[in-house]
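Asks: This note's numbering applies: residue -11 is where the sequence shown begins, and numbers increase by one. Glycine included, each C-beta is placed from N, C-alpha and C at the ideal position. Remember, predicted model here, so these are calculated numbers, not experimental data. Got a structure for you, questions after.
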Amino acid sequence: MAEKKAAAKAAEEKATKAVEEIKEAAPAVEAPKEEAPKADAPKEEAPKAVKKPAAKKTTAKKAAAKTTKAAKEEDSEKKEEAPKAAKKTATRKTTAKKAAKADPEKAPAKKTTKKAAAKKEEAPAAEEKVAAANPVAEKIKAGAGPAIEEVKAEAPVEEIKAEAPAEEIKAEAPAEEIKAEAPAVEEAPEAAPLPEPRRSIAFIGSECYPFVKTGGLGDVMYALPRALVAQNCDVKVILPRYKCIPQKYQEKMVYRGAFHMDLCADGRTYYVGIMEYVWDGVVYDFIDNEEFFSVGKPYTNLIDDIPKYCYFGKAALAALNYMDWIPDVIHCHDWQAGLVPVYLRTMFDNTPIARAKVMITIHNLKFQGIYNIPTIKYWSGLPDYVFNKDALKQGYDDANMFKGGLAYSNVITTVSGTYAQEIQTPFYGENLDAHLRYHSGKLHGIVNGIDYGMWDPSTDKLLAAPYDVTDVIEKKKKNKLAMQESLGLEQDENKFVIGLISRLTDQKGLDLVNAIVPQLMDGNTQVVVLGTGDAFYEDSFRYYENAYKGSFCAYIAYDESLAHGIYAGSDAFFVPSRFEPCGLTQLIAMHYGTVPIVRETGGLKDTVEPFNQYTGEGNGFTFDRYESGLLLDATNRAKTIYFEYREAWDEIVKRNMNKDVSWEVSAKQYRQLYVEMTQ
Ligand code: ADP
């Protein structure tokens, strides 16, 4: 045991070193917490004071009107310049592709980032000018009480612009400038011309690899914007500036501006800083506020997370107004961005950002941001009328942030076609099935992809023996032996090794795995589990590791580097989920020539075609009902092919490696929706 851990540690150190060389190392992560039980009473106390300079009083209403006009003119000018911008992007495309695997430090933005950093010293001057960014919707004023009015009177959004006009802000660290200064690409790209028309998209979400990731959402927020850049989209990703973001990224962020914004019903103003980082054609704007983003990695519990994401949703929209960057589409992700569409169509109704259309994507419907109405009303400052049963209200006295976001969005997407259907049924609908059936006309399913820059077995420096489809069969054995050695398993290339990399929660079908482990352990089979989560699963897998020494490994941790080795070193891969909106692990497994064994639900059903022994077609082994016996049966079918018909097995391996699981097709579908909703 001790030997095994020591070996594992050594391998981990080696792997960590390697990952530093090839790409950004894994950020601090933590499995998402289950939603905390509701508190009995709303959190009434006023929050701690923000130790930031107070907003400067302004009265420049005329100037505000003037600036808005100027901004509009500038906007139409920008539109005329669009074809030019498209050309620029075409040149950048090749750089982006190349740089996809490179360290962000070597990315084109570096030069400009440095320059902008120099300008950072001028930041305090701008900060002096900051003011509250709350929109001036009259109806909100009417219902919000005198304290709010006072804050609004102090500095409505137009006034910020009057004080710090768009041009001036851009001069500090403009995204456009940064892009323009990116080094030119020498070789002419032979790629097809970019699709027209160009669209600008603001992603708003709570996590994004490599800054902060707890699961698939972090992968999507990283990979989809990059894939959209290649589809002629101009993408800005708005994220919280969590304290848990590794220092090396914090250091690269450039101050972009700041203002104060009102939020709660008590009229207090909150600091909103904007820190920017440009990387591979994607602009990342981090909303800075230590009061909200210091705790958690990044989530804690709903008592903290509800105020955090009320603030974040409103601050993200205010920041877009402040930066005078009005995208064609605001693309919100999961419940943490659920209030964005609601704010957009209420409190920001009379502000420039209201011109944008809004899309919301359901990555996982299980988490919705539900709390009692008084608490969410207090923290969001939203008007009473949104707390009705068609929008935020749920049950008798709860408010549901995701539900509100779904109601107020122009388009809803989720991450697979099957999940889009499933969530309209009571079993998968998490109490929102009726709401989703009502909105089914605007609901679409688009399956996720994986980032080939991040996941490529032929260049993966974390593997003992990188491989492609031509030598996968031989090289996989080497990777298997290396993995077995590093994890303390019996080294034998003939063993059938099943990998499992997952958050250890009920969603992932781990009770089915638990139930069949004794039957799996037949002397020819090994199982490797990598994951963290519920204590029950962690303990049961540890128990099995002890009970089946040398054949079962429970590596209870979150470890990006080790994950690569397991995807490559395993023969088969378990994803027997109870529900699975899309699932990325089966896609990564297939791309690494590892055959998935999955339950036919959500994205698993859409991405894994069951192997047909008569035609020889298919990518994996599947079962439908949620029963451990059926998982065992699917596994036994896989083993039969592996041990008895190795040629057929090898064909599946190669077919999986040739399967297109990239983001390209999905990014085109998203682009198509963006264009349709903005025509
Ligand atoms: P979910 O978002 O529900 O957690 P997905 O399959 O969509 O599931 O995405 C999971 C992502 O997190 C994959 O990139 C997977 O490799 C990664 N992952 C999950 N658990 C771990 C772990 N313990 N160590 C490393 N990576 C993990």
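1) Between Ala453 and Asn436, is the Cβ-Cβ spacing less than 7 Å?
2) Mapping the DSSP letters down to three states, classify His552 as helix, strand or coil.
3) With a cut-off of 8 Å on the beta carbons, I'd call Arg214 and Val317 a contact; round off their distance for me.
4) Can you tell me which of the three DSSP states Phe199 falls into?
5) Within the continuous alpha helix (DSSP H) that includes His432, where are the two ends?
6) Hey, quick one: how far does the alpha helix (DSSP H) through Gln726 stretch, first residue to last?
7) Give me the Cα-Cα distance between Asn646 and Glu481, rounded to the nearest whole angstrom.
8) Taking 6 Å as the cut-off, is the beta-carbon of Ile489 closer than that to any non-hydrogen atom of ligand 1?
9) Cβ-heavy atom distance between Gly204 and ligand 1 below 6 Å?
10) Name the two residues that bound the continuous beta strand (DSSP E) containing Asn220.
11) In chain order, what residues of the same chain have a beta carbon less than 8 Å from the beta carbon of Gln382, not counting five sequence neighbours either side?
12) If you follow the beta strand (DSSP E) that Arg343 is in, where does it begin and where does it stop?
13) Please report the straight-line C-alpha distance between Ala253 and Cys541, rounded to a whole angstrom.
14) Indicate whether Asp623 and Val586 have their beta-carbon atoms separated by less than 7 Å.
15) Helix, strand or coil: how does DSSP classify Gln409 here?
16) Tell me, please, which residues DSSP counts as bridged to Asp675.
17) Note down the Cα distance separating Leu619 from Tyr310, rounded to an integer number of angstroms.
18) Using the C-alpha atoms, what's the distance from Thr202 back to Tyr614?
19) Buried or exposed: which applies to Ser282, given that a residue is buried once 16 or more other Cβ atoms fall within 10 Å of its Cβ?
20) When burial is assigned at 16 or more other CB atoms within 10 Å of the CB, is Asp594 buried or exposed?
21) What would DSSP say about His423, mapped onto helix, strand or coil?
22) Determine the closest residue to Asn277 out of Leu380, Lys296, Trp443, with distance taken between C-alpha atoms.
23) Check whether the Cβ of Ala577 lies closer than 6 Å to any heavy atom of ligand 1, and answer yes or no.
24) Have a look at Thr339, Gly393, Arg244 and flag the residue whose alpha-carbon is nearest the alpha-carbon of Gly193.
25) Leaving aside the five residues before and after Gly521 along the sequence, list all residues of the same chain whose C-beta is less than 7 Å from its C-beta, in chain order.
26) Using 6 Å as the cut-off, classify the Cβ of Leu518 as near or not near the heavy atoms of ligand 1, replying yes or no.
27) Considering only the beta carbon of each residue, do Gly571 and Leu592 sit closer than 7 Å?
28) Since Tyr668 and Val200 are thought to touch, with beta carbons under 8 Å apart, how far apart are those beta carbons, to the nearest angstrom?
29) Quick check: the Cα distance between Thr666 and His552, rounded to an integer number of angstroms?
30) Leaving out the 5 sequence neighbours to the left and right, which residues in its chain are closer than 6 Å to Gln472 when beta-carbon positions are compared?
Replies: Let's see:
1) Translated into positions along the sequence shown, residue 453 becomes position 465. Translated into positions along the sequence shown, residue 436 becomes position 448. Contact flag unset, no.
2) Numbered from 1 along the sequence shown, position 564 holds the residue referred to as residue 552. In this structure, His552 counts as helix in the three-state DSSP scheme.
3) Residue 214 sits at position 226 when you count from the first residue of the sequence shown. Residue 317 sits at position 329 when you count from the first residue of the sequence shown. Going by Cβ atoms, the distance from Arg214 to Val317 rounds to 17 Å, so no, they are not a contact pair.
4) In the sequence shown, the residue the question calls residue 199 occupies position 211. Three-state DSSP puts Phe199 in coil, outside helix and strand.
5) Counted from its first residue, the sequence shown places residue 432 at position 444. Looking at the DSSP string, His432 is not in any alpha helix (DSSP H); the run it does join, the beta strand (DSSP E), is 431 to 433.
6) In the structure as shown, the chain begins at -11 and stops at 667. Residue 726 is therefore absent and cannot be evaluated.
7) In the sequence shown, the residue the question calls residue 646 occupies position 658. In the sequence shown, the residue the question calls residue 481 occupies position 493. Straight-line Cα distance between these residues: approximately 24 Å.
8) Sequence index remark: in the sequence shown, residue 489 carries index 501 (1-based). Yes - ligand 1 has a heavy atom lying nearer than 6 Å to the Cβ of Ile489.
9) Sequence index remark: in the sequence shown, residue 204 carries index 216 (1-based). Checking every heavy atom of ligand 1 against the Cβ of Gly204, one is found closer than 6 Å.
10) Here residue 220 refers to the residue found at position 232 when the sequence shown is read from its first residue. No beta strand (DSSP E) holds Asn220; DSSP gives it neither H nor E.
11) Position 394 of the sequence shown, counted from the first residue, corresponds to residue 382. Ile358, Asn388, Lys391, Asn419.
12) Residue 343 sits at position 355 when you count from the first residue of the sequence shown. Taken as a continuous stretch (DSSP letters only), Arg343 belongs to no beta strand (DSSP E), as it is neither H nor E.
13) In the sequence shown, the residue the question calls residue 253 occupies position 265. In the sequence shown, the residue the question calls residue 541 occupies position 553. Each residue's alpha carbon lies about 52 Å from the other.
14) Here residue 623 refers to the residue found at position 635 when the sequence shown is read from its first residue. Here residue 586 refers to the residue found at position 598 when the sequence shown is read from its first residue. This sequence places Thr at residue 623; Asp is not what is there. Contact annotation: Thr623 and Val586 have beta-carbon atoms that are not nearer than 7 Å.
15) Translated into the one-based positions of the sequence shown, residue 409 becomes position 421. Of the three classes helix, strand and coil, the one that applies to Gln409 here is helix, per DSSP.
16) Nothing can be reported for residue 675: it is not among the residues displayed for the chain, which extend from -11 to 667.
17) Taking the sequence shown and counting its residues from 1, the one referred to as residue 619 is at position 631. Taking the sequence shown and counting its residues from 1, the one referred to as residue 310 is at position 322. If I take the Cα positions, the gap works out to 53 Å.
18) The sequence position of residue 614 within the sequence shown is 626, counting from 1. The sequence position of residue 202 within the sequence shown is 214, counting from 1. Cα to Cα, Tyr614 sits roughly 26 Å from Thr202.
19) Position 294 of the sequence shown, counted from the start, is the residue given in the question as residue 282. Looking at its Cβ environment, which holds fewer than 16 other Cβ atoms inside 10 Å, Ser282 is exposed.
20) Start at 1 with the first residue of the sequence shown, and residue 594 comes out as number 606. Buried, because 16 or more other Cβ atoms sit within 10 Å of the Cβ of Asp594.
21) On the sequence shown, residue 423 is found 435 positions in, with the first residue counted as 1. Helix.
22) To locate residue 277, count along the sequence shown from 1; it is residue 289. Cα-wise, what sits closest to Asn277 is Lys296.
23) Against the sequence shown, residue 577 aligns to sequence position 589. Because no heavy atom of ligand 1 lies under 6 Å away, the Cβ of Ala577 does not count as near it: no.
24) Walking along the sequence shown from the start, residue 193 turns up at place 205. Minimum Cα distance to Gly193 is reached at Gly393.
25) Counting from 1 along the sequence shown, the entry for residue 521 is found at position 533. The residues are Ala19, Arg491, Leu492, Thr493.
26) Position 530 of the sequence shown, counted from the start, is the residue given in the question as residue 518. Correct: Leu518 has its Cβ closer than 6 Å to ligand 1.
27) The residue labelled residue 571 in the question sits at position 583 within the sequence shown. The residue labelled residue 592 in the question sits at position 604 within the sequence shown. Yes; because the gap between Cβ atoms is below 7 Å, this pair is in contact.
28) Here the chain has residues from -11 to 667 only, and residue 668 is not among them.
29) Position 678 of the sequence shown, counting from 1, holds the residue named residue 666. Position 564 of the sequence shown, counting from 1, holds the residue named residue 552. Cα to Cα, Thr666 sits roughly 40 Å from His552.
30) The residue you call residue 472 lines up with position 484 of the sequence shown. Taken in chain order, the residues that qualify are Gln479.
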